[in-house]
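Residue numbers (UniProt numbering): 1 to 311.
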Amino acid sequence: MNYLKIARDTLSVESLALTQLSQRLDENFNQIVELILHCQGRLVIGGIGKSGLIGKKMVATFASTGTPSFFLHPTEAFHGDLGMLKPIDIVMLISYSGETDDVNKLIPSLKNFGNKIIALTSNKYSTLARHADYVLDITVEREVCPNNLAPTTSALVTLALGDALAVSLITARNFQPADFAKYHPGGSLGRRLLCRVKDQMLTRLPIISPETNFTDCLTVMNEGRMGVALVMENSQLKGIITDGDIRRALTANGEKTLKKTAQDFMTSSPKTINQNEFLAKAEDFMKEKKIHSLVAVDDENNVVGLIEFSS
Numbered sequence: 001m002n003y004l005k006i007a008r009d010t011l012s013v014e015s016l017a018l019t020q021l022s023q024r025l026d027e028n029f030n031q032i033v034e035l036i037l038h039c040q041g042r043l044v045i046g047g048i049g050k051s052g053l054i055g056k057k058m059v060a061t062f063a064s065t066g067t068p069s070f071f072l073h074p075t076e077a078f079h080g081d082l083g084m085l086k087p088i089d090i091v092m093l094i095s096y097s098g099e100t101d102d103v104n105k106l107i108p109s110l111k112n113f114g115n116k117i118i119a120l121t122s123n124k125y126s127t128l129a130r131h132a133d134y135v136l137d138i139t140v141e142r143e144v145c146p147n148n149l150a151p152t153t154s155a156l157v158t159l160a161l162g163d164a165l166a167v168s169l170i171t172a173r174n175f176q177p178a179d180f181a182k183y184h185p186g187g188s189l190g191r192r193l194l195c196r197v198k199d200q201m202l203t204r205l206p207i208i209s210p211e212t213n214f215t216d217c218l219t220v221m222n223e224g225r226m227g228v229a230l231v232m233e234n235s236q237l238k239g240i241i242t243d244g245d246i247r248r249a250l251t252a253n254g255e256k257t258l259k260k261t262a263q264d265f266m267t268s269s270p271k272t273i274n275q276n277e278f279l280a281k282a283e284d285f286m287k288e289k290k291i292h293s294l295v296a297v298d299d300e301n302n303v304v305g306l307i308e309f310s311s
């Protein structure tokens, strides 16, 4: 069996569904973004089954990008969780058919509370759509599942529509990396966005002078275990020597390299960064310049450390 063909056909069908979704969007989408943007409460999302799982993912995206949000399970809502709602909250309900019983049972209570309702459904004539204040169409021609049963294409379209809303709100709020960092303090992402160069830089530096011979240069680089040496003179940074500089010197000069001094094969005027800059900026700069070591300096341009980055 050609599973590769199945995979490509699957992606082709789902890609077309996303294109059709994009083409269906109209001014109604803008109105919904504005509604959420100016909401004084929270965006509450509810759904059952796969729709519920997608709703939970939407909540995670919204909440982490500046839109307060939480998931409300429709069944649990009837057993006390409706008390989590405030009249100023906006409720987004997801049901492909628009006739999911537990979802639609929420409508009278939401209307009574005064909540605005956004429906994500494929049936504009459904109970959910008829009682919602706003409707987003998640229609697909067919599920990519061979039996046209398992929520596959429709699940992707719904998830993508959630991303489209979230990205629109990110743009509208001018949500910046510094804002993002507030909600992501843990892991490598938080480290990049919250840590500054001075928090991660190495301070025991492998330093040599311009007159240091080739052999001694290698010794310092090996002892420092950084694959780099800083060439300093009178406390001023003159250059940097990396493994790449060593290889280029040997390729160009062969055995004559052994008679060279650091100033002969160092990279002059190496790149530097202020120690107070965010680590993310340092790493992005190193990627852009295609370098693996970056010298950290203070406000007086004195060398204070070294940042290493492995791509």
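Ideal Cβ positions, reconstructed from N, Cα and C, are used throughout, including at glycine.
Own chain, CB closer than 8 Å to residue i, minus 5 neighbours either side, in chain order
{"i": "Pro206", "result": "Val220, Met221, Glu223, Gly224, Met226, Val228, Ala229 and Leu230"}
{"i": "Leu161", "result": "Leu21, Leu120, Leu136 and Ile138"}
{"i": "Thr127", "result": "Gly98, Glu99, Asn104 and Ile107"}
{"i": "Ile273", "result": "Val197, Lys281, Ala282, Phe285, Leu294, Val295, Ala296, Val297 and Ile307"}
{"i": "residue 323", "result": "Any property of residue 323 remains undetermined from this structure, which presents the chain solely from 1 to 311."}
Cα-Cα separation between residue i and residue j, rounded to whole angstroms
{"i": "Pro270", "j": "Asn301", "result": "13 Å"}
{"i": "Ala172", "j": "Lys57", "result": "21 Å"}
{"i": "Asp298", "j": "Asn234", "result": "17 Å"}
{"i": "Arg8", "j": "Gly80", "result": "46 Å"}
{"i": "Gly47", "j": "Val59", "result": "12 Å"}
{"i": "Leu82", "j": "Asn148", "result": "35 Å"}
{"i": "Met1", "j": "Leu18", "result": "28 Å"}
{"i": "Leu25", "j": "Gly305", "result": "52 Å"}
{"i": "Glu277", "j": "Lys124", "result": "52 Å"}
{"i": "Lys238", "j": "Val303", "result": "11 Å"}
{"i": "Lys290", "j": "Ser95", "result": "48 Å"}
{"i": "residue 345", "j": "Arg248", "result": "No information on residue 345 is available, as it lies outside the stretch 1 to 311 that the chain covers here."}
{"i": "Met266", "j": "Asp243", "result": "11 Å"}
{"i": "Gln40", "j": "Leu4", "result": "49 Å"}
{"i": "Met84", "j": "Ser109", "result": "13 Å"}
{"i": "Glu141", "j": "Leu279", "result": "47 Å"}
{"i": "Gly49", "j": "Asn174", "result": "34 Å"}
Buried versus exposed, by CB contacts within 10 Å (16 or more), residue i
{"i": "Arg192", "result": "buried"}
{"i": "Gln31", "result": "exposed"}
{"i": "Phe78", "result": "exposed"}
{"i": "Lys86", "result": "exposed"}
{"i": "Glu143", "result": "buried"}
{"i": "Arg130", "result": "exposed"}
{"i": "Ser268", "result": "exposed"}
{"i": "Gly114", "result": "exposed"}
{"i": "Ala150", "result": "exposed"}
{"i": "Ser310", "result": "exposed"}
Backbone secondary structure at residue i - three-state DSSP
{"i": "Leu53", "result": "helix"}
{"i": "Thr65", "result": "coil"}
{"i": "Gly46", "result": "strand"}
{"i": "Lys182", "result": "helix"}
{"i": "Val135", "result": "strand"}
{"i": "Ser126", "result": "coil"}
{"i": "Ser293", "result": "strand"}
{"i": "Thr203", "result": "coil"}
{"i": "Ala282", "result": "helix"}
{"i": "Thr215", "result": "helix"}
Sequence-distant residues of the same chain with beta carbon closer than 6 Å to residue i, five excluded per side
{"i": "Glu308", "result": "Ser293"}
Nonlocal neighbours in the same chain, by C-beta distance under 7 Å from residue i, ignoring five residues either side
{"i": "Leu250", "result": "Thr257"}
{"i": "Val13", "result": "Val144 and Thr153"}
Quick check for students: name the residue ranges of the beta strand (DSSP E) that lie wholly in the segment 232 to 272, counting only runs of 3 or more. 236 to 242
With a floor of 4 residues, list each alpha helix (DSSP H) that falls wholly inside the segment 140 to 169, ordered by position along the chain. none
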